[in-house]
C-alpha cells in the first residue's frame, strides 16, 4: 500500500496520530523547564588552596608550582592554567573531551594527596568540578538601615525563596558574618605581666562544646556533653584569665575591649546608591526560570510594605526576560507565518487546502516539543532560536503535496483519488527535500569544545521539527485533503482557472523566453546591479552589531590606584552612581555596583582587589514607554 493510499484509507488512525501529537506537544511545552541556556558539562576542574596572609609570589613558589607538578602525571588533563593571588592559589584544569569528569577529578585529588605536605597554615586543596550555574534573578536589600536590619531581611528572604519550587542555590553578596572582636590593650597586659597567649588560651578553654562520653545506668543511658559556648559579650568580658593570690581574678574586661561586629569586608555590593546585600538566585536542573522569577517578584511586592522605612528591595539581572522575549518572537513570527502561508495559498489554491496546509506549522512545532521532552531537553534561548530558524521551512513539504493534489483536482478527479495520486507522485521529492535540509544542519553536531556542546542543540531541534513536518505532510495532510478538499467544480482560485489561468501562463512564458534569449545581457545586468548594491551597502549603510534599542544594560568599570583601600574605591563608585541617578527614571532602571571586584572582558574572568569596582546600569525594557537610547 502506498503512502497516499494508507493515509486516505485510514482516516481514524491518522486523526488519532494527529490528536496524540497535539496532546503530547501541548503537555510537553507546558511541562518543559524554561531556562536561559541548556546545562552542559564544561569539562573543567578547579583546585583552590588558601594560604592567608601570603604574597602572590610566595603562593606561586610554595603552592602553585608544586601542585602543577603533581598534576602533570594525571591522565585526561588537556590544559592547566593557574593564578596566584594574595592568600590563594587557583589552578584551572581543562579535561579532554569524552573523559569521565568525576574520575579525572578523583585522580587529581589523589595526586594532590600524594605530594609533599603544604605549610602548616595552608588549608588543604579543594577540588571542584565546574558546572554551568545560571542565575535567574537577583534581589537586593539596600538602604540606610543598620547592617543588622539588612541582614535579618536578607535571611528572611533567603528562607522564603529556598521554599519556592525549582530554586537551587542562593549566593549572597555583601553578606558579612558576625564576629566578636577582642581588642587587647598591650599596656594593660604589661601592667598585669600577662602574655597575649594566656588571653587566647583562656578564651579557648572557656568557649567549649565537646562530647564527654556515655553514662550507662541500670535503666537508661545518657550522653554527656560539655557545653560552655559564649552567648553574650558580657560572658566574654567576665572570663577569668588568671587567678591571683587572695582570690583576686584577672578578667578579659581588665585587659581588653570586646565588641560585636562583622568580619572585615574584602568586597561588597551597592544598589541604587546605597550599601546592599544581594541574593543571587539560581535554579535546579528542572527548575523553571520564568516561574521562579515571577515568584520572586511577587515576594518582593508582598514584603516591601512591611519593611522598615530605611530599607528597600530591588530586582536586577532578570534573565527570565530573555526567554520571554524569545517566546514572544516565536509567537509573533509563528502567527505571521501562519497567516502569510494561508493568504498566499488562498490566492493560488483553495481556502480549505490553504488552511490544512498551513496547519503544518503548529503541528511541526508540537511534534518538535514532543521529541524534545522525550529526550530531556528544555525550552531555552538556543531551542527557541532553532524553532525561529526553521519556521519558514517546515511548511515547504506540505505545500508541495497540497499543490500537487490541487492539480489533480483541477484535472477532474475526485478528492480521494486526487489525494492518493497527488501524494504518491511527490513522496520521493518531498522526502529528498527534507533530507537535504536535515543534512545541511548535521555538520553542526560535529563541532567540538564547549561551543560545540551548546551549538549541537540547534541541529537537533531543527531536525525534530523537520521530521514532524514530514509526518504531517505525508501522513495526515492527504487524509484531510481527501475529506475536506473541494470537488472539481469548486477548484476555482482567486486567479481563476481555465482560459484565465492559461492567459497568465502565456504571459509568464513570453517574459521568461525574452529573458532567456538575452541571458548574457541579463546576467551581466544582474551582476552590475549586485555590485552597485554591495558598494552602496558597504560605504553608505553603517554596520552596528547590536542596535541601542536591544541593549539591556551596560557596565562602567573603574580602577583606583593599586593598593587603594575599599573606602576610596567606594567613593569613586558613589560619585558615578550619583551622576547616573540624576537621569530620569525612564532612562535608567536599576544600578547594581560592586566594590572590590569587576569583570575583565579580555580574560572573561572576575578580578578581585580593593582597587577594582564596577557599576552595572540596567535600562528599561525594549518596549518600555519613553525609553531613551543612544547616550548615557
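Residue numbers (the numbering used here): -17 to 614. From the three backbone atoms N, C-alpha and C, an ideal C-beta is built for every residue, glycine too.
Alpha-carbon spacing of residue i relative to residue j, whole angstroms
i           : j           : result
residue 600 : residue 446 : 37 angstroms
residue 214 : residue 129 : 19 angstroms
residue 77  : residue 458 : 48 angstroms
residue 519 : residue 463 : 46 angstroms
residue 50  : residue 61  : 11 angstroms
residue 562 : residue 58  : 49 angstroms
residue 245 : residue 161 : 6 angstroms
residue 311 : residue 365 : 13 angstroms
residue 38  : residue 430 : 35 angstroms
residue 343 : residue 319 : 8 angstroms
residue 283 : residue 535 : 23 angstroms
residue 178 : residue 40  : 28 angstroms
residue 507 : residue 378 : 31 angstroms
residue 517 : residue 523 : 10 angstroms
residue 542 : residue 275 : 36 angstroms
residue -15 : residue 410 : 11 angstroms
residue 396 : residue 460 : 13 angstroms
residue 317 : residue 105 : 60 angstroms
residue 434 : residue 96  : 36 angstroms
residue 471 : residue 390 : For residue 471, the predicted structure reports a pLDDT of 43, less than 50, and the residue's modelled location is therefore unreliable. The matter cannot be settled from this model.
residue 407 : residue 509 : 37 angstroms
Spatial neighbours of residue i in its chain, beta-carbon cut-off 7 angstroms, leaving aside the 5 residues before and after
i           : result
residue 249 : 576, 577, 578, 579 and 590
residue 35  : 69
residue 267 : 21
residue 296 : 122, 124, 253, 254 and 572
residue 337 : 324
residue 144 : 152
Distance CB(residue i)-CB(residue j) smaller than 8 angstroms
i           : j           : result
residue 135 : residue 123 : yes
residue 252 : residue 540 : no
residue 442 : residue 14  : no
residue 615 : residue 237 : Any question about residue 615 goes unanswered here, given that the chain covers just -17 to 614.
residue 271 : residue 280 : no
residue 255 : residue 559 : yes
residue 53  : residue 75  : yes
residue 301 : residue 121 : no
residue 427 : residue 438 : yes
residue 158 : residue 247 : yes
residue 218 : residue 164 : yes
residue 352 : residue 10  : yes
residue 107 : residue 29  : yes
residue 329 : residue 340 : no
residue 346 : residue 376 : yes
residue 363 : residue 304 : yes
residue 533 : residue 596 : no
residue 593 : residue 553 : no
residue 467 : residue 387 : yes
residue 368 : residue 444 : yes
residue 56  : residue 90  : yes
Cβ-based neighbour list, residue i, same chain, cut-off 6 angstroms, excluding 5 preceding and 5 following
i           : result
residue -13 : 402
residue 232 : 174, 223 and 224
residue 499 : none
residue 127 : 290, 292 and 293
residue 614 : For residue 614, the pLDDT reaches just 41, beneath the cut-off of 50, and the residue's location in the model is therefore unreliable, leaving the point undetermined.
residue 1   : none
residue 72  : 30 and 65
residue 497 : 504
residue 416 : 379, 448 and 452
Other residues of its chain near residue i: CB distance less than 8 angstroms, five sequence neighbours each side excluded
i           : result
residue 154 : 136, 140, 259, 260, 261 and 262
residue 313 : none
residue 349 : 3, 7, 446, 447, 449, 450, 451, 453 and 454
residue 98  : 48
residue 551 : 540, 542, 577, 578, 592, 593, 594 and 595
C-beta neighbour in chain C for residue i, strict 8 angstroms
i           : result
residue 383 : Structure shown: chain C not included; a single protein chain is present.
request  = For the region 221 to 238 and the region 165 to 181, state whether three or more C-beta atom pairs, one from each stretch, are separated by less than 8 angstroms.
outcome  = Yes: at least three Cβ pairs fall under 8 angstroms.
task = Note down, one range per segment and in chain order, each alpha helix (DSSP H) of at least 4 residues found wholly within the region 1 to 78.
result = As far as the region 1 to 78 is concerned, its whole alpha helix (DSSP H) runs of at least 4 residues are 38 to 41 and 47 to 53.
task = Let me know the beta strand (DSSP E) ranges lying completely inside the region 121 to 157, each 3 residues or longer, listed in chain order.
result = The region 121 to 157 contains these whole beta strand (DSSP E) runs: 149 to 155.
ask   = Does the count of Cβ pairs from the region 369 to 381 and the region 437 to 453 closer than 8 angstroms reach three?
value = Enough Cβ pairs lie closer than 8 angstroms, so yes.
request  = Specify whether the region 322 to 335 and the region -6 to 9 touch according to this definition: at least 3 beta carbon pairs, one from each stretch, less than 8 angstroms apart.
outcome  = Note that the region 322 to 335 does not touch the region -6 to 9; fewer than 3 beta-carbon pairs, one per stretch, sit closer than 8 angstroms.
query = Which residue spans inside the region 162 to 196 form an unbroken alpha helix (DSSP H) run of at least 4?
reply = Counting whole runs of 4 or more residues, the region 162 to 196 contains the alpha helix (DSSP H) stretches 168 to 174 and 178 to 188.
Touching by the beta-carbon criterion (3+ pairs, under 8 angstroms), the region 76 to 87 and the region 5 to 25 = The region 76 to 87 is in contact with the region 5 to 25.
key: In chain order, each beta strand (DSSP E) run of at least 3 residues that lies wholly inside the region 244 to 299   = DSSP assignment within the region 244 to 299 yields the following whole beta strand (DSSP E) runs of 3 residues or more, N-terminal first: 250 to 253, 256 to 265 and 293 to 298.
Inter-stretch contact (C-beta, 8 angstroms, three-pair minimum) for the region 61 to 72 and the region 33 to 52 = These segments touch.
ask   = Can you find at least 3 beta carbon pairs, one from the region 481 to 499 and one from the region 377 to 389, that sit closer than 8 angstroms?
value = Pairwise C-beta distances place the region 481 to 499 out of contact with the region 377 to 389, as fewer than three of them are shorter than 8 angstroms.
task = Could I get the ranges of all uninterrupted alpha helix (DSSP H) runs contained in the region 390 to 466, with 4 residues as the minimum, in chain order?
result = Residue ranges of uninterrupted alpha helix (DSSP H) with 4 or more members, entirely inside the region 390 to 466 and ordered along the chain, are 397 to 423, 431 to 437, 439 to 453 and 459 to 466.
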